[in-house]
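Quick notes on the structure that follows.
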Amino acid sequence: EDFRINKILDLSFDFRTAEQNGILLTVSNEGNYPALSVELQNGAVVMTIDLGNGIQSNVTNNLDSDFALCNNLWHNVSAMYSSSELTVNVDGIRKSWVQSEVNSVMDEIDAPLYIGGLPDNAAIGTLKIRENFKGCMKNLKIENNLKPWSAMEKLNSVLLNSCPVAPSTRS
């Protein structure tokens, strides 16, 4: 079943990892746009949107360090898309991008929602990386509704009852 994004999307989740890169979630169809993604890129949480015109806009939040988010500690992310703004809050630190063209509203997206990675044949949409997320996620909420992993349509390489993150060797 496809996931639908209209004019507003509000989501939040907690994650922990020792990696600097990984797909957190993405929504796109076979044409690659309109599309939306949230990913770890070089230690930063990056939210990217393509409104359907092939032009991408993004907001990046790295807590002012490339290694602040890959320390095996739990981090909270809340991200919001509206017709005029992208906002990413990481551990209470807010970063935003504001749309200057008021009439630039994304076409509705009816596409699969992938969390933590992509199947080989899936459209990459706005993703800059193709690496699956390695770590743990919990408390995924979309529009303030908790989405339990056990209710997901399909799971691939997901361990529901464990969090296999290796201890960090960074000091």
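Each residue of the sequence shown is one higher than the one before, starting from 1 at the first, in the UniProt record's numbering. Each residue gets a CB set at the ideal place from its N, CA and C atoms; glycine is no exception. For clarity, every value in this text was computed on a predicted model and none was experimentally measured.
- prompt: Under three-state DSSP, which class holds residue 151?
  reply: helix
task: Just the C-alpha distance for residue 34 and residue 65, rounded to the nearest angstrom, thanks.
output: 30 angstroms
- prompt: For residue 76, is the classification buried or exposed, using 16 other Cβ atoms within 10 angstroms of its Cβ as the cut-off for buried?
  reply: exposed
task: Would you decide whether residue 120 is buried or exposed? Buried here means 16 or more other CB atoms lie within 10 Å of its CB.
output: exposed
- prompt: Is residue 171 buried or exposed, if buried means 16 or more other CB atoms sit within 10 Å of its CB?
  reply: At residue 171 the pLDDT is 41, less than 50, meaning the model places this residue with poor confidence; the figure from the coordinates comes in the next sentence. By the 10 Å Cβ count, residue 171 comes out exposed.
task: Quick one: give me the first and last residue of the beta strand (DSSP E) that residue 110 is part of.
output: 109-111
query: At which residues does the beta strand (DSSP E) containing residue 22 begin and terminate?
result: 22-28
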